[in-house]
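Quick notes on the structure that follows.
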Amino acid sequence: MLRLTRRQDAIVDRFRRAARRAPSEPCVLLDGEHLIRDAVDAGVPVDVVIATQERWTELRDLWDALEHQPNTPQLYDAPATVLEAASPVKTPSGIVALARWQAASIDEALDGPAPLVLAAVDVQDPGNFGAIIRSADALGATGVVAAGASADPAGWKALRGAMGSAFRIPVAKAPVDAALAAAKSAGLRIYAASMDGAPLNECNLTGPTLLLLGSEGLGLPPAALGAADDRIAIPMRAGVNSLNVAVTAALLLYEARRQRA
Numbered sequence: 244m245l246r247l248t249r250r251q252d253a254i255v256d257r258f259r260r261a262a263r264r265a266p267s268e269p270c271v272l273l274d275g276e277h278l279i280r281d282a283v284d285a286g287v288p289v290d291v292v293i294a295t296q297e298r299w300t301e302l303r304d305l306w307d308a309l310e311h312q313p314n315t316p317q318l319y320d321a322p323a324t325v326l327e328a329a330s331p332v333k334t335p336s337g338i339v340a341l342a343r344w345q346a347a348s349i350d351e352a353l354d355g356p357a358p359l360v361l362a363a364v365d366v367q368d369p370g371n372f373g374a375i376i377r378s379a380d381a382l383g384a385t386g387v388v389a390a391g392a393s394a395d396p397a398g399w400k401a402l403r404g405a406m407g408s409a410f411r412i413p414v415a416k417a418p419v420d421a422a423l424a425a426a427k428s429a430g431l432r433i434y435a436a437s438m439d440g441a442p443l444n445e446c447n448l449t450g451p452t453l454l455l456l457g458s459e460g461l462g463l464p465p466a467a468l469g470a471a472d473d474r475i476a477i478p479m480r481a482g483v484n485s486l487n488v489a490v491t492a493a494l495l496l497y498e499a500r501r502q503r504a
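Just add 243 to wherever you are in the sequence shown, counting from 1, and you've got my numbering.
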């Protein structure tokens, strides 16, 4: 166990670069015990971990698990003031890590014998995108695509919102046209979420399926709507015309899971 005492240390600067997703820092930043445990359980290589002495005492089993990784990470004990400098979270959890995780390819996200893939177009809020990944994992999706100007799935906010789910299912980032072309080539039927679509319970989601969602404010761009095979809608009471995009994703995936049960 090494000791960090300075907020200006080069190791702390690596965490700052990772929080900014600077190209000079290839690792992603993980804040919190559970996210780090999920990374370790998924076999994601962890390079550096900083925690307060109190947290290391509480997390002795995690310490042991990290030391038994194929690539033993650098483990640091640091005072809370140094940890606050390394973590971008307003209320740090007491433990942060740098791990070598990157998004999957579009082909990996679309792969599988009966793919159920969710593609979010221009969903820029990383917390929302993380919640989408989490719902996709929980409800049996085989992949997620961050399309167009969607938030970086490897950003710390998206990973934190995904609660470890990004390590369990393929998550890709791709231009909208490339994602749609790849889905068509792979034989997936594309359903675009739209207010004028057919009720979701009337759509057959049992075959290879790509569910296409747009941003809350603008919805899907016309080109994406035009490329879809069908449009799908969530029935709502009169006067309500939108839902949070992560809620929409969860409802569509729940119906697909129900049909496939």
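For each residue, glycine too, the CB sits at the ideal point set by N, CA and C.
Taking a C-beta distance under 8 Å as the contact criterion, V488 and N314 do not qualify as a contact pair.
Collapsing the DSSP output to three states places K333 in coil. The C-alpha of E459 lies about 16 Å from the C-alpha of L361. Of the candidates N444, V419 and T449, T449 places its Cα closest to the Cα of R432. Residue environment for L309: buried (at least 16 other C-beta atoms within 10 angstroms of its C-beta). With respect to the C-alpha of A328, the residue from Y434, D420 and R259 having the closest C-alpha is R259. V292 sits away from R257, with the two beta carbons spaced by 8 Å or more.
With fewer than 16 other Cβ atoms inside 10 Å of its own Cβ, T334 counts as exposed. For I477, there is no enclosing alpha helix (DSSP H), since its DSSP letter is neither H nor E.
Distance from the CA of A397 to the CA of Y497, rounded to the nearest whole angstrom, comes to 25 Å. For A421, same chain residues with a beta-carbon under 8 Å away, outside a window of 5 residues either side, are I349 in chain order. By the C-beta criterion, the region 413–428 is judged to be in contact with the region 373–390, since at least 3 inter-stretch pairs fall below 8 Å. Taking a 10 Å sphere around the C-beta of T295, we find 16 or more other C-beta atoms and assign the residue as buried. Taking C-beta atoms under 8 Å as the contact rule, G275 and R403 qualify, at a distance of about 7 Å. Each of L247, L461 and A342 was checked against the Cα of A282, and the nearest Cα belongs to A342.
Rounded to whole angstroms, the separation of the alpha carbons of L245 and Y319 is 5 Å.
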